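*Asks:* Pasting a structure below so you can have a look.
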Amino acid sequence: MKIDLKYGLPFISVILTHQGKSLSYDNFLIDTGSASTIIAAEIAIELGLGPEPLDVIRKIHGVGGAEYVYEKKIDRIQLGTKKLTKFK
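See below:
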């Protein structure tokens with residue numbers, strides 16, 4: 412897996428797959444201090460993972476403040492040759 416440093420931060424390329432649709436992204440930030448994986452809502456919606464009434468809502472906190480997010484499970488995240496399935 413190739414890690415690119417931009418602005419002093421580590422970025423990688425990923426392939427996200429859900430319900431047979433795969434999308435590739437080149438600028439995913441590796442946040443080593445995060446307790447969970449966050450994907451932008453626009454990307455989630457593009458993969459068919461938009462918000463639904465029964466989704467679990469979580470409040471996340473970071474340096475920039477707090478934000479509410481919805482929780483989903485994605486079929487696969489691929490980082491280089493490593494594939495993670497049923498990732499939540």
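Residue numbers for the sequence shown follow this note's numbering, beginning at 412 and rising by one.
Backbone N, C-alpha and C fix where the C-beta goes; we use that ideal spot for every residue, glycine too.
Source: prediction; values computed, not measured.
Note the first and the last residue of the continuous beta strand (DSSP E) segment covering A451.
*Replies:* Unbroken run through A451: none, as it is neither H nor E.
*Asks:* Are the CB atoms of L465 and K483 within a distance shorter than 8 Å?
*Replies:* Their beta carbons are not under 8 Å apart, which means K483 does not touch L465 by this criterion.
*Asks:* Where do the N-terminal and C-terminal ends of the beta strand (DSSP E) with L495 fall, by residue?
*Replies:* From DSSP, the beta strand (DSSP E) with L495 extends over K493 to F498.
*Asks:* Over what stretch of residues does the beta strand (DSSP E) that includes S433 continue unbroken?
*Replies:* It spans K432 to L440 - the beta strand (DSSP E) in which S433 sits, taken as one unbroken run.
*Asks:* Let's see if you can read the secondary structure: which residues bound the beta strand (DSSP E) around I488?
*Replies:* I485 to L490
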